[in-house]
Every structure is written in structure tokens, then in C-alpha cells.
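The UniProt record's numbering applies: residue 1 is where the sequence shown begins, and numbers increase by one.
Built from N, CA and C at the ideal position, the CB exists for glycine as well.
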Amino acid sequence: MNIDKTSKVIILPAQTKSECSIEYKIINLPTSNLTSTKPYLVDSDSIYELNTILGNNTAYQLPTSGDAVKSYIFEPEDPSVEGGLLQSSKTIITSPFNFTYLLISIFHTHQEKFRNTFKTIDDIRDSLESLGEYTWVYDVPERIYLLSLDSICESIIEGNQERFYKYSVNKAMDWVNGKVIALSNFIFEEKGNSIMRRIQLELNDPTSIEGHINEEVLQNTVMCCAIDYVCFSYLCKGVREVLVENLKYDFTKMETYLAEIKKKQRDLQIVDANMNEVNQTTSNANKTNIKDHNQNRNRNQSKNAQQLKRKKPVQKVAVGKGALDGFFKKKT
Numbered sequence: 001m002n003i004d005k006t007s008k009v010i011i012l013p014a015q016t017k018s019e020c021s022i023e024y025k026i027i028n029l030p031t032s033n034l035t036s037t038k039p040y041l042v043d044s045d046s047i048y049e050l051n052t053i054l055g056n057n058t059a060y061q062l063p064t065s066g067d068a069v070k071s072y073i074f075e076p077e078d079p080s081v082e083g084g085l086l087q088s089s090k091t092i093i094t095s096p097f098n099f100t101y102l103l104i105s106i107f108h109t110h111q112e113k114f115r116n117t118f119k120t121i122d123d124i125r126d127s128l129e130s131l132g133e134y135t136w137v138y139d140v141p142e143r144i145y146l147l148s149l150d151s152i153c154e155s156i157i158e159g160n161q162e163r164f165y166k167y168s169v170n171k172a173m174d175w176v177n178g179k180v181i182a183l184s185n186f187i188f189e190e191k192g193n194s195i196m197r198r199i200q201l202e203l204n205d206p207t208s209i210e211g212h213i214n215e216e217v218l219q220n221t222v223m224c225c226a227i228d229y230v231c232f233s234y235l236c237k238g239v240r241e242v243l244v245e246n247l248k249y250d251f252t253k254m255e256t257y258l259a260e261i262k263k264k265q266r267d268l269q270i271v272d273a274n275m276n277e278v279n280q281t282t283s284n285a286n287k288t289n290i291k292d293h294n295q296n297r298n299r300n301q302s303k304n305a306q307q308l309k310r311k312k313p314v315q316k317v318a319v320g321k322g323a324l325d326g327f328f329k330k331k332t
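This is the structure we're talking about:
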């Protein structure tokens, strides 16, 4: 059996038997902020993000290297073929990536190239390549471009049945908003999710006994959280502001409520600080009174002791010198 300690294992998406011959390739695409790149897996009509499993769960014993303890054993169906063992190999999982996010970020950053005129798919790819920083343009299959362009562009068909595209901010923001609404619905409907717990904790009024949260404020906060997550995770800087303005989102009530909560929290902190100061002052005063009492008691005890020491001693009279002795002498 062959033992390999340096390989990487990529767990591919589930496939049917008819798809077993799919060909994949790895390409580098820009991240959401367009400042760096990372590897993605691409087939004929899909893109997958690659994420390495670090295996840093402290519940399991790790070797001195800090890597996860994981191995893969391969046993061929044909017994005449030798199997293999991958020991402590890096495991990389694939998760679907929507190419539309990347196109929105690029089109938003370079609107002068994609928003003013209608272009064919080939012209759009040429325009992307002309930016000089995107060497991956023709590594992405045309089918993936078409699926994304239909979602964020206006399109027309000329007489030769060729389709032309022009980036539409309104259409793109509607598409992004659909993702935002889907996420906000998940936050509301998925019981016990960590996002909702964090939001409820943030909106909790420290002065309220019932712990009731205004429903409209809660909905606004969930929507704001969903917008932040989608825009900051998958889109470049500036798209969030365009989305909020385009869809006319208003978070005034939420912001006012949060400002009131923060003020109440500050007031409670001041009250707690004052109470602590009063308690400390009272404690110090009690300690001082006890100390003074002990000092006075010790002083009185010392004074009494000194008075006892200073008490005038009784003078002794010599034999035959007392007053009665003279009287008895006269009688005799």
C-alpha cells in the first residue's frame, strides 16, 4: 500500500453517475474587496469556493505539528489494484460561489465601462481583460457569464439574434436585495440561531422588567444585519450605500432605539459606579469608626492602668507610735 503524507484532498460536490466525467480546474479570482485573489474550482457551469479544514478543535488530541489527525484509505474495487493511504493530508471542501457577486463588484468599480453602452458577451470579456489586472477572464466559461449577466444587466437582441448587455444598477440591487431578504427570513425562521441571539442581546433594554423588544425595531435590525453580512462578505466597498439608497431602507427607528439603549447602559454604569463609591466610602467610614473605637478603648484601658499605678500607697505606722498607743500609756 502506498502512503502519502503531502497530498491535498478536495471534497467535490455530490454528482450523479452521468456526471462522473466532469472536468474541473483551479483558477484564481478576486476576493470581494477586489484587493487580492484566492483559488476557486471551476467546471463548465459552476464555480466553487475552496476552504481548508484546519482541524483545530481542541476536543481532539492533535500531534505536535498542530495539524488535524485525519487519513484517507482508498480500496479499489479491483483486488488486483493496489490501494493507498493519505496520512494527515490537507482536506479542502468546496462550496458554491455565485459569480454574480464578483461581476457586480467589478461593474460597480468601473461603471464607465459597463453602464453606458450595450455590449456583447465577447465585448464585455474584452473590457474586463483591458483593465489589465484580471488574467482569469477567459478561464471562466461563457455559460457562467451569461447566467450572471441575465441577473444584473438590461439586454436587447439585434437583428442577427445576438444579445447585447448593459449593466443596470437597479436590476443589480434588486438581485442583491433578494439575497438579503432570503438571509433575513432565515434569521427569523431558524430557531436558536446565533445571529438572532446576538441581535436580541444587543436590543435588550436593561431597564425593562418584561424584556419586550419592539417588533419593528427587531425587523429593522435583522434586515440591517443581513445587508451588512451580504455586502461586506461578498461585495466591494460602496455597494451597501447604493443598495440602501436604491431600496430606500430607513433605519432611523433602529438607530434611535440603539442610541437610547446605549444611553441607559451608560446611566446604569454611572449609577453602579456611584453605588460602588458610596459602598466604598461607607466601608471606609465603618473601618475608621471601628479603628477609632478600638483606639479609644485602648486609650481608656491605658489611662485606667496608669491611674491604678499612680494611687498613693498606705503609710505604715511603727509599733508603739500610733494614736491609741499614747492613750493607753496615759491610762497606765
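In terms of residue numbering, what span does the alpha helix (DSSP H) encompassing residue i cover?
i      : result
Leu247 : 239-247
Ile22  : Note, Ile22: premise wrong, no alpha helix (DSSP H); not H, not E.
Phe188 : 169-189
Glu133 : It is not in any alpha helix (DSSP H) - Glu133 carries neither H nor E in the DSSP assignment.
Gln200 : 194-203
Going by C-alpha to C-alpha distance, which of the options sits closest to residue i?
i      : options                      : result
Lys263 : Cys225, Asn246, Asp205       : Asp205
His110 : Ser155, Glu133, Pro39        : Glu133
Trp136 : Pro79, Pro30, Gly83, Val217  : Pro30
Tyr24  : Leu41, Ile53, Asn177         : Leu41
Phe118 : Asn51, Glu158, Ile53, Glu190 : Glu158
In terms of residue numbering, what span does the beta strand (DSSP E) encompassing residue i cover?
i      : result
Val217 : Taken as a continuous stretch (DSSP letters only), Val217 belongs to no beta strand (DSSP E), being part of the alpha helix (DSSP H) at 215-234.
Phe107 : No beta strand (DSSP E) contains Phe107, which is instead part of the alpha helix (DSSP H) from 99-109.
Ser7   : Counting along the chain, Ser7 falls outside any beta strand (DSSP E), and DSSP gives it neither H nor E.
Taking the CB atoms as reference points, tell me whether residue i and residue j lie closer together than 8 Å.
i           : j      : result
Tyr249      : Met223 : yes
residue 336 : Asn220 : Absent from the structure is residue 336, since the part of the chain shown begins at 1 and ends at 332.
Leu203      : Ile213 : yes
Arg143      : Asp43  : no
Thr37       : Asn28  : yes
Phe114      : Ser127 : yes
Glu49       : Phe99  : no
Leu243      : Cys225 : no
Ser32       : Tyr229 : no
Ser168      : Ile152 : yes
Ile26       : Pro13  : no
Could you please give me the residues that DSSP links to residue i through a beta bridge?
i           : result
Ser148      : None, per the DSSP bridge assignment.
Ser95       : Glu49
Phe114      : Beta-bridge pairing links Phe114 to no other residue.
Pro30       : Thr37
residue 333 : Outside the shown range of the chain (1 to 332) lies residue 333, about which nothing can therefore be said.
Ile11       : Ile93
Val42       : Lys25, Ile47
query = Is the stretch 117-133 in contact with the stretch 152-170, if contact means three or more CB pairs nearer than 8 Å?
reply = yes
inquiry  = Under 8 Å: do the stretch 89-106 and the stretch 232-250 share three or more Cβ pairs, one atom per stretch?
reply    = yes
query = Counting Cβ pairs, one atom from each stretch, are 3 or more of them under 8 Å apart for the stretch 183-192 and the stretch 73-91?
reply = no
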